[in-house]
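Per the working numbering, residue 1 is the first one in the sequence shown, and the count goes up by one each step.
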Amino acid sequence: MEVSVKGKAKRRHLNAEDCDGLGQRAVLTRPHTFNQRMGNRDPNRGLYPRTPTKRPKFAPATGSPSGRQKGINEFFSVARVLSSSPHKSSLPSTSKEEPRAAEEEEDEDDDISLLAVPLAPQLRVTEEEEIDDSLLAAVMMPEPEAGEEEEIDDASLLAVEMMPQSKVKEEQQVDYLEGMTAEMFGNDDEFDQCDIDNEEEEVEALPDAHFGLLGSRSGLLKPQGCMDDLPEEVLREVLCLLPAQDLYLNVRLVCHRWRNIVQDSTFVPFKKQYYRYMMRERHTEMEICSILRNSGITGPAPSEHSIRKLVVLMAQHKVGERLRPDEVLERVKKHRLFPQAEASIRLRISDVQKHFNLGITGPNPYAAMAVILILSEGVGDVQALVSLLTGCMSHSAITEYLCHMAMMLLALERNKVTVSNRLHYNIYYVLHLMENGPFPVSSPQSRRPQIHLTQEQQQILSHNIQDDHVVKIIAFAGTGKTTTLVKYAEQRPDLRFLYVAFNNSVASEARRRFPRNVDCKTVHSLAYNDVGKRYKFRDKLTFNMKAFAISSVLPKGRGGFTKAKVVMTTLNAFMASTDETITIRHVPNSRVTKNNFRKDIDHDEKLLVVRDAQRIWKKMKDLNEKSKDAYYMTHDGYLKLWQLQDPKPCLSGAYNALFIDEAQDCTPAIMDVLLSQSCGKILVGDPHQQIYTFRGAVNALNVVEHTHIYYLTQSFRFGAEIAYVGATILKVCKGVQKILVGGNQKGGVCDNAADRVVEAVGAGACQSRGKTAILSRCNFGVFSEAVRLTDANPSCRLHFIGDIKNIGLDRIMDVWHLLQQTGQQLQEGERRPHYIRDPLIRSFASRRSENPFFAFKKYVEQTEDNELQAKVTIVEKYRKRIPELVARLKACSENDLCNADFIVGTVHKSKGLEFDTVMVTDDFVKVPCSKHNLRHSPEFSFAKIPDDEWNLLYVAVTRAKTTLIITKNIRRIITMAGEYFFRSEMPSSLLKSDQPLPCSIANCPNCITPGSAFIMCRQQMRCTDGLSQGGPLCEKCVWTRVGPIAFLMTEDVLSMAEIPQRLDLPVHHAFFLELFF
């Protein structure tokens, strides 16, 4: 007999008494159960993993009832079993075939004691041979009595040798103890102890969230498994969950096996093709164009049938797995848009039913899914379809279909087929969320709760910065760029970082959020410590230059406010540049004349301007020159001196890397200092939030060369509806190809919540304080909105973003006092009016002029001072009401945002902030009409308008978190992308009688065609500047706006009556001057 003790076999001889006692033991008369609580019928069987030294073997399930999996012995006969585990069943085999000669097999098992079965004589081993798997001879269990249910643990079944029934009696007469002596065995205590140890083994719980791949115990430093151990099918299922970008850029570089999977033409073909088409790979673009032509979607065929042909193409979609079309159709029928899809396919796309019905009753499910995606109003419709398909299709099959459809819709856009960009955006959005997280990440240096990072952020965190690296992070609004930098620093506590902010408020917030290995400073504070403090000690610092002060120091004959403005602009351009001296390249090319006309500046005049600017700059640098206000040093001035130092300021000695935030607003002078450091540089910013070019800022994210570039396109701030508005503004107005997406947050644009907000604004009282912000382009809009709110409710509490002082109420009062001046000249020697505080405005009141206000207004126009221009406009509009309005706004001001009924401010001041609800005012740049009427305004072009104007609009709409209220002007911008906010309805829900349903478009003579598959309706939207009307549209009006989708409704579209041309286009006199008022 052999007893297994810690994996070694020890022999002992048994006498007759020992054998009798051994036969009485329970361990030999019934199978040893490893864990009685986890039997075959336990619903949680297999949930908690074991960690044996090798995989356990299981006996065949013989005599299993119908419907259960058959044992292998029912397919292949078994001659004998060479060795067996004590945990295996002793049930006899049911095989009826003759025994065959068994092959010898060495079998290792775990350290649990094993029972041996009878061995053939030729397989006997010698006494001296040491066996790793100790075996115990056992007798066969009797068959269970009828009606008695035998409990067999599948983790501990007893395997036995299979023998013909005729030899059972003969085998029972064999003396298996013959030749054994007492010396072959040890103490019985050892055997008993081994039996006790194996009686109940503790089941190890689920290790962790990584399923034990990184070690199931805290003491294990190496993984217990490896991805290479996975079968090919499992590995493919894992890899198909990754984004296509990762498959191409990372996965295929791991090993030959992974590369072969990625390059396999049957492995997620549409996902890979869609990614290549998005990246504009030449071969893929040609391939897709060929598919469009061969399918009749583009080419010589009329474009009105493009959508129909697309549905026919999607009906032929090849699914890479075995599916039941009828089961897929049953799922699709539950979608709210299925009635429209079914009617459209049945009435308008008969080719699908004739050639691609898949042998089922009802429409082709893949064609129905295509129509549903075409008619989807938002991301929610696509997510609902995905949720339905999850019950009958795998994740990869759903992804493949969506990628196929998204690729074809994008191809329609690129081939100039009239279709809304919303259709592709909806599918792209859902695919992005399915593949890119966000994922939970813990904070190693603090006990704060886990945060969620997207796959894009994970890529940045995995980048190890080096001294020669220049990394760009292009981060859209609300995508968590600061959070990414915080996590980056937390994961590298051994490195020192310098975070460079654009203003002091951002730097203060960063000090609160960043770990201790990060120093947070403004670039001006760095320059101040080296240079600026010297001018501070001499009391020679001023905030900025003024044209009025420069005019006083210009030589005779070259004075005047217009020329002073040119000199001031030249100095500002020089201080923002990297140049060492002032040259004609810093002089503007044109200026405003006294008659408010713009005149080009010739070369000779530029030389004179350079000479004047050089003289003023020399006196500004002189610490002792304080005779004139024009000679005082500005903050940008000492920053320029800091940049001109030789050698350059050294920051890399104390830091391993620099975080340069809001890089799009940095001047070349700032970038020259920061990029000269011999440490790693990480530039972060959003080029579409560059709104300070008037200060000389350049988009460093476009100018600076980089070694690595990353994108953050998924916003944590808002959901799909708000994200779509922001993405469309960038696409239409600036031609941006990257797509902004949001999360799964609930939210809407001009929805039911917007109706309640508009009503609250009209009443001047809000039920939810600190939630609603009203954003304007300039201070004139802020003042007007504040007046409107307080007129409706004098006790309304208003929070002014950045403080009420930013509106300049005191300067507004000074301008109003200046307006009250009579035409009488002030007597010489008379004191200046004491009620005008601003020295510039007071200087006009003291002049010998018949109309001081007119002179001041002329100065504002010639110097192009936008800030003063807004105040002049306010005074001219409200005139006598100014004192009362200024006093009222001061009284209604609320410093605590949470206690304010409404929040008002400019976009410049709201940058970096977010609010639950945002209402955008109508003082931004204007678009004359919708897309279908744009042919009547050939002079309009998006390219003619400065990017800063579109950036302001983009920043405004992306401040909202849940509710966005846009203007009709923004709606016109969105129509340029083909989106008119239509929804489809079944005719039965709109036709209440036999009378034809008229079109809701003004002056349209058509009615909805009887028998249409569905009806398209305009959604009624509550905008900032009024209610946008809704109602049904005839097929002709649908065709002029959204193109070939109209042919899903009816056949007879082009023959319908034309709409009389009557355009009420907005007036655009002084178009560009209105940009600043």
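We treat Cβ as the ideally placed atom computed from N, Cα and C, and that holds for glycine. Please read these numbers as outputs of a predicted model, since none were measured by experiment.
Of all alpha-carbon atoms in T975, G762, A765, the one lying nearest the alpha-carbon of P928 is that of T975.
L461 and Q383 have their C-alpha atoms roughly 30 Å apart. Beta-carbon to beta-carbon, V920 and I965 are separated by about 7 Å, close enough to satisfy the 8 Å threshold. Of the residues V815, L375, P1032, P363, the one whose Cα lies closest to the Cα of F856 is V815.
Within 10 angstroms of the beta-carbon of N779 lie 16 or more other beta-carbons, which makes it buried.
With a cutoff of 9 Å on beta-carbon distance, Y638 and L498 are scored as not near each other. In this structure, DSSP gives F497 an extended state, which the three-state scheme calls strand. Taken in chain order, the complete beta strand (DSSP E) segments of 3 or more residues contained in the region 542-618 are 590-592, 598-600. Measuring C-alpha to C-alpha distances from T962 to each of N744, C1037, K992, I1015 identifies N744 as the nearest. Here D519 is bridged, per DSSP, to L498. By the criterion of a C-beta distance shorter than 7 Å, N702 is surrounded in its chain by P687, once the five residues flanking it on both sides are discounted.
Boundaries for F853: no beta strand (DSSP E) harbours it, while the alpha helix (DSSP H) harbouring it runs 852-863, taken from the DSSP string. Put simply, the backbone Cα of A754 is about 35 Å away from that of E1058.
Under the three-state reduction of DSSP output, P998 falls in the strand class.
CA-to-CA, the gap between L683 and Q457 works out to about 15 Å. As for any alpha helix (DSSP H) of minimum length 4 sitting wholly inside the region 765-820, the runs are 779-792, 809-819, ordered along the chain. Sequence-distant Cβ neighbours of R276 in its own chain, meaning closer than 6 Å and more than five residues away, are T284.
By the neighbour-count definition (other C-beta atoms within 10 Å, threshold 16), I1015 is a buried residue.
If you ignore the 5 residues before and after L840, its C-beta comes within less than 6 Å of the C-beta of F548, all in its own chain and listed in chain order.
Each of D351, G359, I398, V419 was checked against the Cα of S376, and the nearest Cα belongs to V419.
Beta bridge pairing from DSSP links R1018 with F982, G1031.
With fewer than 16 neighbouring CB atoms inside 10 Å of its own CB, C650 falls in the exposed class. Ranked by how close their Cα comes to the Cα of G380, the residues L410, H355, Y425 have Y425 in first place. In this structure, P365 lies away from L373, with their beta-carbon atoms at least 9 Å apart. Taking C-alpha positions only, R888 is separated from A1046 by approximately 55 Å.
By the Cβ rule, the region 907-916 counts as touching the region 940-956, because three or more pairs are nearer than 8 Å. Apart from sequence neighbours up to five positions away, the residues of its chain that approach Q316 with a beta-carbon distance below 7 Å are F356, ordered along the chain. In terms of CA proximity to L431, M407 leads the group L412, V417, N415, M407.
Per the Cβ contact rule, the region 970-989 is in contact with the region 1011-1026 (3 or more Cβ pairs under 8 Å). Counting of Cβ neighbours within 10 angstroms places Y274 among the buried residues, the total reaching 16 or more. By the Cβ test, the region 522-529 is in contact with the region 492-508, since at least three Cβ pairs between them sit closer than 8 Å. In its chain, beyond the 5 residues on either side, V531 have a beta carbon closer than 6 Å to the beta carbon of L641. V553 has its alpha-carbon roughly 12 Å from the corresponding atom of K563. DSSP places Y711 in the strand class (E or B) of the three-state scheme. Per DSSP, reduced to three states, the secondary structure at G1011 is coil, with no helix or strand assignment.
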